[in-house]
């Protein structure tokens, strides 16, 4: 039976009204411990992918940075110009402790546009976040706005939600419009292999280059 003490699955009809800061208020202090126990490694995979396409001195946005796991993984690879955004003040406080970010901002990613100017970043990484974002098309449009021509967007999503929310169709549309170029899509990989009830859940990783057609 699934442990419901920290519910990670949210129905699509609940997402618009979801109080994300409240959801993570108590989870922030134990988040890193829990995901370590559950065998969550997506932050490392995301950092490895970004490192294949961008240099360490380039400007990176960690969208939905949470407690800073992606930022730490990038920092360990030499990245120094990382900006983080998250909807939870408590998660941002945890991120500050690691000193991996040059700046951190409170931002609900369901609300666009963000505070940044067009073409602010060479790359955007968004790992373990998109299950909470109902409108992926609007968010990708914002990522494209913020990313310089030739830059890269790296993101992950659960396999079942990719199908449910028609990711393939949306990404193909943006590719056909010459807004994005598909660089890499992973095979399904483990999400939370050590968490009871989630052992068979899979996730996908994506890398797209921004073309600014």
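In this note's numbering, the protein residues as written are -3 to 209.
We put the CB at the ideal spot given by N, CA and C, even for glycine.
Model, not experiment: these values are computed from the prediction.
Closer than 8 Å by C-beta to residue i: which residues in its own chain qualify, once you throw out the five before and the five after it? Chain order, please.
i, result
"residue 25", "86, 90"
"residue 184", "155, 198, 199, 200"
"residue 8", "The pLDDT assigned to residue 8 is 38, lower than 50, so where the model puts this residue is not dependable, and the model offers no usable value."
"residue 61", "67, 80, 81, 82, 87, 88, 91, 97, 100"
Please identify the residue among the options whose C-alpha is closest to the C-alpha of residue i.
i, options, result
"residue 51", "71, 204, 80, 27", "71"
"residue 180", "174, 205, 173", "205"
"residue 39", "158, 150, 178", "150"
"residue 169", "80, 74, 137", "137"
"residue 176", "84, 30, 107, 140", "140"
"residue 158", "75, 202, 45, 41", "202"
"residue 44", "22, 74, 59", "74"
"residue 182", "28, 41, 30", "41"
By the three-class DSSP mapping on this structure, what secondary structure does residue i have?
i, result
"residue 126", "helix"
"residue 207", "coil"
"residue 23", "coil"
"residue 186", "strand"
"residue 198", "strand"
"residue 33", "helix"
"residue 171", "helix"
CB-CB under 7 Å to residue i, same chain, minus the five flanking residues each way: which ones, in chain order?
i, result
"residue 132", "126, 161, 163, 166"
"residue 187", "154, 194, 197, 198, 199"
"residue 77", "53, 54, 55, 56, 98"
For residue i, I'd like the list of residues in its chain whose CB is within less than 6 Å of its CB, leaving aside the five on either flank, ordered along the chain.
i, result
"residue 116", "142"
"residue 64", "91, 94, 96"
"residue 190", "34, 35"
"residue 54", "118"
"residue 145", "208"
Got a sec, what are the start and stop residues for the beta strand (DSSP E) residue i sits in?
i, result
"residue 177", "176 to 181"
"residue 55", "Element bounds for residue 55: n/a, residue is neither H nor E."
Specify, as a first and last residue, the run of the alpha helix (DSSP H) that residue i falls within.
i, result
"residue 45", "38 to 49"
Any heavy atom of the ligand MG inside 8 Å of the beta-carbon of residue i?
i, result
"residue 183", "Looking for the ligand MG in the displayed structure turns up nothing, as the structure carries no ligands at all."
Can you list, in chain order, the stretches of the beta strand (DSSP E) that have 3 or more residues and sit fully within the stretch 133 to 163? As summarised for the stretch 133 to 163, the continuous beta strand (DSSP E) elements at least 3 residues long and confined to that stretch are 143 to 154, given in chain order.
Taking only runs that begin and end inside the stretch 66 to 130, name each unbroken beta strand (DSSP E) of 3 or more residues, in chain order. Segments of the beta strand (DSSP E) lying fully in the stretch 66 to 130: 78 to 82, 99 to 102, 117 to 122.
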